[in-house]
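Structure first, commentary second.
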Amino acid sequence: MNVRIATLFALALFPFWSLAQPGGTPQHTVTGNVVGHGTVEPPSLVVDEGATATFAIAADPGYRLGGVDMGSCGVHDNGDGTWTTDIILGDCGITATFVLSADDVVMQGDFDADIVRADDYDVPIQNAILGTSFNWITGEHCAGTSGAPCSSDFQLRPAASFPVQTRVYLVFRFPMSTPADAYGIVTDVEGEDGVSVPLQSGDTVGPEKAYGYPTSAAGSAAWRSAAGFDGYVGFRIFNPQSGRTNYGYARLTTSGSSQPSVSGFPASIVSYAYDRRGNAVEIP
């Protein structure tokens, strides 16, 4: 019997066994992603199609869970620090976002007990007209988009300017404008025509400073340095928790830009602090 005849004979006797491939239930990867300070454990799971995946989600000290984006997985809170997906039909991921818990960031030591201090905040400012909005009271931040603009309960919105002679600059806007004289950043002159003044260690932020509170305050040329800049934005806010105007500062860094049409980006808010009693604060 030659080889061809032998092969045909084998196929006739075992039509499926001879051609079958190893099989089984399809498997999919479910990833757990983190934005901010916290953990999602395990970072990823491989599960059978039709099964579910469970993750333990925990915030670092001083932070709280701001929300969980279910992606295409679907997810629900089990109420015990774990979250479980819907039935998995393909690769997908969930994202846990952690924000500052204002109740947990009241520090002592070099600061008085009524100073709220948020170190290692490290939130990038998006290079877009809607920028990134910050709420110093809650520690929350929001990167706005045209389809999902940030709400009005934020106190400062660093952003990219509208193009000026083809250039984009870092500017400061104010989502909360009422009462206008209870908000603003330290500027060279009071009111709507001010230019932001970068502050440094040893400077004091208090009622004696001039504050700009227009819908769009120009950013100082210092923030636009091609070599990058590291300084502080002084601010005042109305604190609804105390009913007082509070004074504080945010450390803002820029790393310069290789793009000649962009000035002041990439940029980040690294940390911030303010006095809940309404006292002036000195930048350490």
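FYI, the numbering for the sequence shown is -20 to -1, 1 to 264, going by mature numbering (1 follows the signal peptide of the UniProt record, and there is no 0). Just so it is clear, CB atoms sit at the ideal spot from N, CA and C, and this is done for glycine as well. Predicted, not measured: the structure shown is a model, and the values here were computed from it.
Near P6, which residues of its chain fall below 6 Å by C-beta distance, leaving aside the five closest residues on each side in sequence? Along the sequence shown, read from residue 1 onward, the residue named residue 6 stands at position 26. Taken in chain order, the residues that qualify are E29.
Since I105 is in the beta strand (DSSP E), which residue starts that stretch and which ends it? In the sequence shown, counting from the first residue as 1, residue 105 sits at position 125. Note, I105: beta strand (DSSP E), 103 to 105.
Checking 8 Å against the spacing of the C-beta atoms, do R153 and Y191 come in under that value? Translated into the one-based positions of the sequence shown, residue 153 becomes position 173. Translated into the one-based positions of the sequence shown, residue 191 becomes position 211. Inclusion of R153 and Y191 in the CB contact set at 8 Å is not warranted, their separation being larger than that value.
Report the rounded CA-to-CA distance for T9 versus L25, giving the unit in angstroms. Here residue 9 corresponds to residue number 29 of the sequence shown, with the count starting at 1. Here residue 25 corresponds to residue number 45 of the sequence shown, with the count starting at 1. Cα to Cα, the separation comes out at about 6 Å.
Drop a sphere of 10 angstroms on the beta-carbon of Y254, count the other beta-carbons inside from all chains shown, and report buried for 16 or more, exposed for fewer. For the purposes of this step, residue 254 is identified with residue 274 of the sequence shown, where counting begins at 1. Buried: at least 16 other Cβ atoms inside 10 Å.
Using the Cα positions of H56 and G12, report the straight-line distance between them to the nearest angstrom. Locating residue 56 in the sequence shown gives position 76, where the first residue counts as 1. Locating residue 12 in the sequence shown gives position 32, where the first residue counts as 1. The alpha-carbon atoms of H56 and G12 are separated by roughly 14 Å.
Own chain residues within Cβ distance below 6 Å of E21, not counting five before or after: The residue given as residue 21 occupies position 41 in the sequence shown. Counting only Cβ-Cβ distances below 6 Å, and skipping sequence neighbours, we find A36.
Could you give the first and the last residue of the continuous beta strand (DSSP E) run that contains Y212? Here residue 212 refers to the residue found at position 232 of the sequence shown. DSSP places Y212 in the uninterrupted beta strand (DSSP E) bounded by 209 to 219.
With 16 other CB atoms within 10 Å as the buried threshold, where does L135 fall? Start at 1 with the first residue of the sequence shown, and residue 135 comes out as number 155. Here the sequence assigns Gln to residue 135, which means Leu is not the residue at that position. So Q135 ends up on the buried side.
Between the C-alpha atoms of S176 and G47, what's the straight-line distance to the nearest angstrom? Here the question's residue 176 lines up with position 196 in the sequence shown. Here the question's residue 47 lines up with position 67 in the sequence shown. Distance between the alpha carbons of S176 and G47: 33 Å.
With DSSP run on the structure shown, which of helix, strand or coil describes D71? In the sequence shown, counting from the first residue as 1, residue 71 sits at position 91. Coil.
In or out: G89 buried (at least 16 other Cβ within 10 Å) or exposed? For the purposes of this step, residue 89 is taken as the residue at position 109 of the sequence shown. Confidence at G89 is low in this model, with a pLDDT of 34, below 50, so its placement is unreliable and no value can be given for it.
Would you mind stating whether G208 and S181 have Cβ atoms separated by less than 8 Å? What you label residue 208 is simply residue 228 of the sequence shown in a count that begins at 1. What you label residue 181 is simply residue 201 of the sequence shown in a count that begins at 1. For G208 and S181, no; Cβs fall outside 8 Å.
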